[in-house]
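Working notes for the structure below.
Residue numbers (the working numbering): 368 to 465.
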């Protein structure tokens with residue numbers, strides 16, 4: 368068993384996490400100063416959300432599994448389809464521009 372992080376990932380020990388947090392806090396402060404607000408979505412989405420955007424050829428490039436309910440699920444590779452889904456779900460309630 369390897370004790371290191373997976374390729375493409377990194378561990379944030381206290382010192383580097385503090386530096387990262389400081390930088391992210393500055394970015395948030397600047398963005399909020401210009402009127403931006405934060406959002407986030409779940410790290411897992413239905414596979415269909417991504418195949419509708421990118422076609423079936425993307426399936427082999429994603430981390431997928433079938434959940435206990437029989438749904439095809441994928442680890443979110445990027446945020447655009449998630450944001451589109453979120454906006455579609457509450458389009459009338461969101462402040463414009465989105």
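Glycine included, every Cβ here is placed at the ideal spot set by N, Cα and C.
Taking the C-alpha atoms as reference points, what is the distance between residue i and residue j?
i           : j           : result
residue 424 : residue 418 : 8 Å
residue 439 : residue 415 : 8 Å
By the three-class DSSP mapping on this structure, what secondary structure does residue i have?
i           : result
residue 390 : helix
residue 384 : helix
residue 412 : strand
residue 405 : coil
residue 445 : coil
Between the Cα of residue i and those of the options, spot the shortest distance and give me the residue it belongs to.
i           : options            : result
residue 404 : 411, 395, 412, 373 : 395
residue 422 : 385, 460, 410, 448 : 448
State the CB to CB distance for the pair residue i and residue j, rounded to an integer number of angstroms; the pair is presumed to be in contact (CB under 8 Å).
i           : j           : result
residue 461 : residue 442 : Residue 461 to residue 442, Cβ: 26 Å. No contact.
residue 378 : residue 372 : 5 Å
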